Structure formats: C-alpha cells, structure tokens
Amino acid sequence: MGKRRRDVEEEPDEDAWESKNERPEDVYEHPGNYWTPEVIANLLKAKGQARIQHKLAARALNVIGEQFPGFYEQEDECPLALDLGCGLGFTSDILVEAGFTAVGVDVLVDMLSVSGARDQVIANAGRARYHRTLASATALPFRGATFVLAASISAVQWLSAPEELQALSTELARACMPGACVAIQQYPRSSSQMVEFGKIVQKEGFRGGILVDNPKNPRKRKVFLLARKDG
Ligand SMILES: C[S@@+](CC[C@H](N)C(=O)[O-])C[C@H]1O[C@@H](n2cnc3c(N)ncnc32)[C@H](O)[C@@H]1O
48 MGKRRRDVEE EPDEDAWESK NERPEDVYEH PGNYWTPEVI ANLLKAKGQA
98 RIQHKLAARA LNVIGEQFPG FYEQEDECPL ALDLGCGLGF TSDILVEAGF
148 TAVGVDVLVD MLSVSGARDQ VIANAGRARY HRTLASATAL PFRGATFVLA
198 ASISAVQWLS APEELQALST ELARACMPGA CVAIQQYPRS SSQMVEFGKI
248 VQKEGFRGGI LVDNPKNPRK RKVFLLARKD G
C-alpha cells in the first residue's frame, strides 16, 4: 500500500491534491440534510459500510501504536476513548474491542437512536462499555482532561470552516488528558485543508503528523491526523 507521512510544517508540494468530486459535505450545509432517516436506515443495512468503518478504525488504532510506541502499554483501569461523529457506532465497536470504554458523540439524534438497533451497540452499552451523547464535536459536554484517546472516522470533513476546525481543536485539547492521542481519519477537500487542520491542532498543544494511505489514488486515498497531547 502506498503511504506518505508528513510533518504539518511542510509546505504543500507536487503531491498537492484537491478533490474534484462533489462530496455531500460540499452540497449540504448541515449533516442532517444529507443523513435523512431513509439514508440512515439504508446505512444500517449496508454491510459494506460497516466493513469499511471497522477497517478504517482498526487502521487508525494501529498507526497510533506505530507512531507513538508505548501508548497502549499505559496502565489504566478504565481508559476512556472519545468517538467524534460516532454515527452508527462502528468505530466505537473497535475502540471497545481494543480495551477502551467508548463515548460516542454525534450531532444527529436519528443516527444515535438507529445505532441502538445494532447488536454490538446493545451488547457494549449493556455492559457500560459504550455510551452515546448528542452533541457537536465543537462543543463537548465533558469535563476537561477526561479522555486518553480521541478518535474520529469519516466525520470531520463536515467541519470545514476555519472557525469550526478551531473549535474542534480547542475542544480536543480541553477534553484530552496530557499524553492522550488523537486519531482522525477524514476526507479533506484538499491537501492544503489537510495541512491547515494539522497546524491548528498543533497550536493547541499536540505533536504529530499526517499519514496518507494511497496518496496518488483519489478513490482510495485515506488521510489520518495522528497526534499526541503534550504533557
Ligand atoms: C459517516 S458518519 C461516521 C460513521 C462512524 N465513524 C461509524 O463508525 O459509524 C459521519 C457522522 O458524523 C456526524 N457529524 C457531522 N458533523 C458533526 C459534528 N459537528 N459533531 C458531531 N458529529 C458530527 C454525522 O452526524 C454522522 O453521523
């Protein structure tokens, strides 16, 4: 698999790209206008989507381990992981499997309620390993320094205005414990937007970089921001 790591300070180069296809995030102002009850019901039935989300979440957790050796060796009785834009909860399935107690946050009440029909959500919620909260990733209803990991898979592209990305980064810095890791996979509009987001996160006290899987293939390209909070 082709991949490229870059530091967020690097200038855009000949590998720069810009998405040519119109994404739902470009068309709809609010995720609720795209994720209608019908679309959410179809998502629940789409086994391929579950596979993709599980695969991306597992990849994000693996690369955190590679980038920050020792992160998973910390002893914590009840490590809490945040899942931003948790949708139907596929990412949280993987967080729970990896030993975390997952706290999913989503801005759509329909998404959260439909997720409650999934067997894995029922099982994990039943043993208090998965909790769901209606909120925006830009205004988290949690106490500071709560989470040891913040993950987000295929959601942050809904936040593209600089002030939204700033609010997300400020909230990440507030909600994460010192030494916490952040793993965000998303579909930025362009390589410059990807780098800008990295710089904003870095200014909030995180160190890390951006990993791009399949950088030359727009259909398969996957962008991960991997960072660790100072402290
Ligand atoms: C493709 S789904 C993510 C799927 C999820 N990773 C999973 O494993 O099921 C994108 C989700 O991001 C959510 N979202 C978009 N903007 C958000 C925001 N500002 N705060 C929280 N969630 C948001 C949407 O409501 C939607 O449920």
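In the numbering used here, the protein residues as written are 48 to 278.
Glycine included, C-beta positions come from ideal geometry on N, C-alpha and C.
Predicted model, so just to flag it, every value in this text is computed and none were measured.
Scanning the region 193-266 for uninterrupted alpha helix (DSSP H) segments of 4 residues or longer gives 209-222 and 238-250, listed from N- to C-terminal end. According to the DSSP secondary-structure assignment, Phe271 is paired through a beta bridge with Gln232 and Leu258. Sorting Asp166, Ala164, Gly136 and Glu144 by C-alpha distance to the C-alpha of Asp153 places Gly136 at the top.
Per DSSP, reduced to three states, the secondary structure at His77 is coil, with no helix or strand assignment.
With contacts defined as CB atoms closer than 8 Å, Ala104 and Ile200 qualify as a contacting pair. Those residues having their beta-carbon less than 5 Å away from any non-hydrogen atom of ligand 1 are, in chain order, Pro78, Gln100, Gly132, Gly134, Leu135, Phe137, Thr138, Asp153, Val154, Leu155, Met158, Ser183, Ala184, Ile200, Ser201, Ala202 and Trp205.
The Cβ atoms of Ser207 and Gln240 sit closer than 8 Å to each other. Of the residues Asp123, Met158, Asn261 and Thr138, the one whose Cα lies closest to the Cα of Leu129 is Thr138. When DSSP reads this structure, Leu129 sits in a beta bridge with Val150 and Ala197.
Comparing alpha-carbon positions, the option among His101, Cys228 and Pro78 lying closest to Phe115 turns out to be Cys228. Look at Leu135 here: in three-state DSSP terms it is coil, with no helix or strand label.
Bridge pairing for His178: Val150 [DSSP]. With respect to Ala186, Glu218 sits close: the two C-beta atoms are nearer than 8 Å. When DSSP states are grouped into helix, strand and coil, Lys94 belongs to the helix group. Taking the C-beta atoms as reference points, Ile111 is found no nearer than 8 Å to Val161.
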